[in-house]
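FYI, in UniProt numbering the residues of the sequence shown are 1 to 141. For each residue, glycine too, the CB sits at the ideal point set by N, CA and C.
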Amino acid sequence: GWNSPLTTVLALLACGFACFIEMGKIPFDVAEAEQELQEGPLTEYSGAGLALAKWGLGLKQVVMAALFVALFLPFGRAQELSLACLLTSLVVTLLKVLLIFVLASIAENTLARGRFLLIHHVTWLGFSLAALAWVFWLTGL
């Protein structure tokens, strides 16, 4: 079950990998494709529509990082309903989300060169981590 540290670590790595892909970081940013000649689905937008689409993509990244933090790094939550505890919890959560963005930026810059040649190997690594976590959870290891 989830009491096993190995299962939890594998699930953490698999979820982190899935969050990294869902955040649209390089080399998984095909939907935006700003470096390419056409910008994919954002080509038809300009002005306020483009700003709203870009803001939505940024908000999705923050939500994915916050979801990962809530699932796998739950320490620092407010223990009581007071202003001091809530502010402390907010600061700790923002620092954890910032840490996730720093780690995602490091991974993004590391994987940037292997754009199309490495993407299927990296994707199989993430899928394998998720499959191993599931098997270990089923067997109770």
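How many angstroms separate the CA atom of residue i from the CA atom of residue j?
i, j, result
"Leu98", "Trp137", "30 Å"
"Ala48", "Glu108", "28 Å"
"Ala133", "Pro74", "20 Å"
"Trp55", "Thr93", "21 Å"
"Phe17", "Val135", "18 Å"
"Ala130", "Gly76", "27 Å"
"Thr110", "Cys19", "17 Å"
"Val91", "Thr123", "33 Å"
"Ala53", "Tyr45", "8 Å"
Looking only at its own chain, which residues have a Cβ that is under 6 Å from the Cβ of residue i, when we skip the five neighbours before and after it?
i, result
"Leu67", "none"
Residue i: which of the options sits nearest, CA to CA?
i, options, result
"Ala70", "Thr8, Ala53, Leu57 and Lys96", "Lys96"
"Phe127", "Asn3, Pro74 and Leu10", "Leu10"
"Ile21", "Ser105, Thr7, Leu83 and Gly76", "Ser105"
"Leu125", "Lys60, Ala14, Cys19 and Leu81", "Ala14"
Short of 7 Å in beta carbon distance, which residues of its chain neighbour residue i, apart from the five on each side in sequence? Order them along the chain.
i, result
"Ile100", "Ala65, Phe68 and Val69"
"Leu12", "Phe72"
I'd like the list of long-range same chain contacts for residue i, defined as Cβ closer than 8 Å, with 5 residues on each side in sequence excluded.
i, result
"Val62", "Val97"
"Leu37", "The predicted model places Leu37 with a pLDDT of 47, which falls under 50 and marks its position as unreliable, so this point remains unresolved."
"Ala78", "Cys85, Leu86, Thr88 and Ser89"
Could you tell me how far apart the beta carbons of residue i and residue j are, in whole angstroms, since I believe they sit closer than 8 Å?
i, j, result
"Leu6", "Leu141", "7 Å"
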